[in-house]
Amino acid sequence: MAEQTVSTSSFARRNAAYWTGRAEGYSDVNREELDGSQRRVWASWIDGRIRERLGPRARGSLRVLDAGTGPGFFAIILAELGYRVWAVDYTDAMLDQARANEARANGALEPGRIVFRRADVARTGLASGGFDVIVSRNVTWDLPDPAAAYAEWERLLAPGGLLLNFDAAWYRYLYDGGAAARRRRDRDNVRRTGVADDTAGTDVDEMEAIARLTPLSRLGRPAWDLDELARLGLDAVADERAWETLWTECERVNNASTPLFMIEARKGGRP
12 MAEQTVSTSS FARRNAAYWT GRAEGYSDVN REELDGSQRR VWASWIDGRI RERLGPRARG
72 SLRVLDAGTG PGFFAIILAE LGYRVWAVDY TDAMLDQARA NEARANGALE PGRIVFRRAD
132 VARTGLASGG FDVIVSRNVT WDLPDPAAAY AEWERLLAPG GLLLNFDAAW YRYLYDGGAA
192 ARRRRDRDNV RRTGVADDTA GTDVDEMEAI ARLTPLSRLG RPAWDLDELA RLGLDAVADE
252 RAWETLWTEC ERVNNASTPL FMIEARKGGR P
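For what it's worth, my numbering labels the leading residue of the sequence shown as 12, then goes sequentially.
See the structure below:
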C-alpha cells in the first residue's frame, strides 16, 4: 500500500468507521475484563514480564506506551500498578470509551494518570526513545502496514526497552482451507457448549472485508513478526502458548483455531 495519512487513506477511513461504530460494544468487553478475574491475570502476566526483563527499577520511573489502546484495558491496569502510561488510538470514539473506563476504575487512579492521544500507531509523532515498554493487543493484524508499525515502535523504544505484542493469526481462514475448517469447528463448538458467541453484535462481513485489505491474515504468524523484528535489529521471541494462561474458557472455545500468541522483543543497548 502506498504511503498515506490516516486522514486521507480510504482504508483508514473505513477501518476507523468500523471501530467507531464498535467502540461502545468493545468497551463493554473491556469492562467485563476490568470487573472480573482477567484484570488480575493480565496485570500479573505483563507486570511479571516487565519486572523480569527490566529489573528492579521502580514502576513509576518506567514509561509505557499502550499502542492501539482501544477502550483502555492495558493502559488502566498498568497505570494502577504505578507505571507512567501513554495510550494512543486513532479513533476518538475509542479514546472517549478509554477515558470513561479510566474514570470508573474504582478510584484507583489519580486523575490524568494516563495520557491519551489520538494517533496512528505507525506514525505517532512521539519522541524517539521515549518509552521503556510498549504493549499492544489485537492491533497488528488490523494494520495496512504492520512493518511500519514495528519500525515506529523500534524508534520509540529506549535502549534496552521491551515490546510485548499480543495478537493472533486473525482471519487466516480467509486464505487457508484448513484454517477455515477449524474455524467452522469453533463455531459448532460455540453452539454445542452454549458459551457466549464473541461474534455476536459484530459485523463479521465488514471485518472480513477489512481483513482482505491488510497483509497479515495472508502470512504465517508469528514467524513473519519475528523475521520483521529481527530485520529491525530487535531480539525477539514468540510465546505461542500465552493463550493457555491469558484466555478465558469462553475465548478458548470461540477461538481454538486461532490461539493468542505473545511477541516479546528487546532493543539493544543499556537503559
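Glycine is no exception: its CB is placed at the ideal position from the N, C-alpha and C atoms. Values in this document were obtained by computation on a predicted structure and should not be read as measured data.
Rounding to the nearest angstrom, what Cα-Cα distance links Ser-5 and Asp-199 in this structure?
For residue 5 there is no data in the structure shown, the boundaries of the chain being 12 and 282.
Give the straight-line distance between the Cα atoms of Leu-240 and Ala-162, rounded to the nearest whole angstrom.
8 Å
Run of the beta strand (DSSP E) containing Leu-73, from where it starts to where it stops
Here Leu-73 belongs to no beta strand (DSSP E), and DSSP marks it neither H nor E.
By alpha-carbon positions, which one of Arg-24, Glu-35, Thr-256 and Ala-169 ends up nearest to Arg-50?
Thr-256
What whole-angstrom Cβ distance do Arg-74 and Phe-142 have, given they're in contact under 8 Å?
5 Å
Secondary structure at Leu-154, three-state DSSP: helix, strand or coil?
coil
Using DSSP's beta-bridge definition, name the partner residues of Ala-247.
Ala-276
Grouping DSSP H, G and I as helix and E and B as strand, with all else coil, what is Trp-30?
helix
Please work out which residues of its chain come closer than 8 Å, Cβ to Cβ, to Thr-19, disregarding the five sequence neighbours upstream and downstream, and give them in chain order.
Caution applies to Thr-19, whose pLDDT of 40 falls short of 50 and renders its modelled position unreliable; the value that the coordinates give is listed next. Nothing meets the Cβ criterion.
Is DSSP giving Gly-172 helix, strand or coil here?
strand
Helix, strand or coil: which one does DSSP assign to Thr-19?
For Thr-19, the predicted model reports a pLDDT of 40, less than 50, meaning its position is unreliable; a value from the coordinates is still stated below. Reduced to three states, the DSSP call for Thr-19 is coil.
Could you have a look at Trp-97 and say whether DSSP puts it in helix, strand or coil?
strand
Ignore the nearest five residues each way along the sequence and tell me which others in Arg-134's own chain have a CB closer than 7 Å to its CB.
Glu-163
Less than 6 Å separating the Cβ of Ser-139 from some heavy atom of the ligand GDP?
Among the ligands in the structure shown, none appear at all, so the ligand GDP cannot be discussed.
Which stretch, first to last residue, makes up the alpha helix (DSSP H) that contains Val-52?
49-65
Buried or exposed: Ala-109, going by 16 or more other Cβ atoms within 10 Å of its Cβ?
buried
Start-to-end residues for the beta strand (DSSP E) that takes in Asp-236:
First-last for Asp-236: 234-242, but that is the alpha helix (DSSP H), not the beta strand (DSSP E).
Per DSSP, what are the beta-bridge partners of Asp-178 in this structure?
Phe-272
In whole angstroms, what separates the C-alpha of Val-99 from that of Ala-86?
10 Å
Pairwise C-alpha distance: Asp-103 and Gly-36
15 Å
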